[in-house]
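Inspection log for the structure reproduced underneath, given as structure tokens.
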Amino acid sequence: MKKLLIKEGRVIDPVNGVDEQLDILIAEGEVVQIAAQIEDQEAEIIEANNKVVTPGLIDMHAHFREPGFEHKETIKTGSESAVAGGFTSVACMPNTDPVVDNASVVESILNRAAEAKVNLFPIGSITKDLAGEELAEIGFMRKSGIVAISDDGETVMNSQLMKSALEYVQAFDLPVITHCEDQSLVGEGVVNEGYYSTVTGLEPIPAVAEDIIVARDIKLAELTNTHLHIAHVSTKGAVELIKAAKQRGVSVTAEVTPHHLALTDEAITTFDTSTKVNPPLRSAEDVAALKEALAEGTIDAIATDHAPHAWEEKDVGYDNAPFGISGLETALSVLITELVQPGLLSWSQLVEKLTVKPADILGLDKGRLEVGAVADVTVIDPEFEYTVDVDKFYSKGKNSPFAGRTLTGKAVTTIVDGELVMKDGQVL
Ligand code: DOR
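Residues 326 to 753 (my numbering) make up the sequence shown, in order.
Below, the structure is given as structure tokens:
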């Protein structure tokens, strides 16, 4: 394996409080030296002058669709999309076909992932077939390598079963990731309930549908003393509940997506089905609360909820399109443009929420740039300006509400396990 020497980058490692110009030498898959000036004749040089160098980005919530929905995405295309976006590790949700509810599906995914360019961490389901009726084979899946359990896309509506799941995982030291939507309030809804659902006539989903399940699951986590992680928080009400729970010392963490931070429900007035996502894009008031919660630490991590769909599936009327946004290739740029540039989040905060926070939530020994660490590294050009062209996505999912948007900042180099896997936007 060739040595790599990253020269003169602004190295940001929130864990070690580093934010300064340094060189990084990588050999045999590890970071072997970090210093102001490193020379090595054998190493391939990566010029990082005026670039930001961070621990490899970690997406704790994505959908790679394999097995079963390979027309939407495969492990191969999903991992290419990830490294193109600067991500070195991705945790994949279990709503595949078959569902990841037993050890053999976990093992087959990990076998397929061995060829992938990115580190892939499977998430198992909470309930068999995501049906919400009986628990999945959580213990066996843990032995096979899952890092969390979740029925993402579905809410476990049976509170007794959710309580059992939270009690059961304690033996396996796994976080429970909850998708919070009271199904009886969601009904046939497709967009946020409010002014824009009224003017478009699209079926509404009230914010309280999310708040009610966030409240229930926090109560259950408090009762069972189990780590609960709340997926894709989208409402001001949920933020308030999480903040109060954290103040009481409940073991709760939360993530938010780039699209819920960057877009409001006004975006649905185009009737563009790439704005149809679950939970739905919310009001300006909700978005302001999410931004504040992220900056103050109530929301711990940022996750893409990368949800690729085939073009023909989204190219239908709004009511009939599937929910989801293809997010891996725009996430970082959207976050730099919408949060760092306007000064809402510092670089160090952004890096933390995309690296060590998700690593710690999932129990991964990642998210740090220090000697001896596995060499997962992302190099970002903070000034790179470009217009999003979905036809250039590595992902099969072209369903992006950011298509045609001009964004600033982009990953230019991705290194996974000491190997160069993306350079200048090209996956190698
Ligand atoms: O919009 C979404 N799409 N939200 C989810 O929770 C699931 C996802 C999917 O699997 O397509």
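Glycine residues also receive a C-beta, built at the ideal position from the N, C-alpha and C atoms.
Small disclaimer: the values here were computed from a predicted structure and weren't measured.
From Gly457, Thr452 and Glu458, residue whose alpha carbon lies closest to that of Gly464 = Thr452
Taking Cβ positions, are Leu653 and Gly410 nearer each other than 7 Å?
-> yes
By the 10 Å Cβ neighbour count, where 16 or more other Cβ atoms means buried, how is Thr731 classified, buried or exposed?
-> exposed
Label Pro423 either buried or exposed according to how many other C-beta atoms from any shown protein chain fall within 10 Å of its C-beta, with 16 as the threshold for buried.
-> exposed
Can you tell me which of Leu694, Gln674 and Val659 puts its alpha carbon nearest to the alpha carbon of Val713?
-> Val659
For the alpha helix (DSSP H) that Phe276 lies in, which residues bound it at each end?
-> Absent from the structure is residue 276, since the part of the chain shown begins at 326 and ends at 753.
Mapping DSSP to helix, strand and coil, what is Lys568?
-> helix
Out of curiosity, what's the CA-to-CA distance linking Ala587 and Asp365?
-> 42 Å
When burial is assigned at 16 or more other CB atoms within 10 Å of the CB, is Pro667 buried or exposed?
-> exposed
Counting along the chain, where does the beta strand (DSSP E) carrying Tyr791 start and finish?
-> Residue 791 lies beyond the range of the chain shown here (326 to 753); nothing can be said about it.
Return the CA-CA distance between Leu350 and Gln674, expressed in angstroms with no decimal places.
-> 25 Å
With burial defined as no fewer than 16 other Cβ atoms inside 10 Å of the residue's Cβ, what is the status of Arg390: buried or exposed?
-> buried
Around the C-beta of Arg573, are 16 or more other C-beta atoms found within 10 angstroms, so that it is buried, or is it exposed?
-> exposed
Out of Ser509, Glu528 and Val741, state which residue places its alpha-carbon closest to the alpha-carbon of Val516.
-> Glu528
Length of the line joining the Cα atoms of Pro419 and Pro447 | 7 Å
Does the distance from the C-beta atom of Ile624 to that of Val581 stay below 7 Å?
-> yes
Is any heavy atom of the ligand DOR found at a distance shorter than 6 Å from the C-beta of Phe648?
-> yes
Count the other CB atoms within 10 Å of the CB of Phe497; is the residue buried (16 or more) or exposed (fewer)?
-> exposed
On the three-state DSSP scale, how would you describe Met326?
-> coil
Go ahead and label Gly734 buried or exposed: buried means 16 or more other beta carbons lie within 10 angstroms of its beta carbon, across all protein chains shown.
-> buried
Spell out a yes or no on whether the stretch 326-341 and the stretch 366-375 are touching, meaning 3 or more CB-CB pairs, one atom from each, closer than 8 Å.
-> yes
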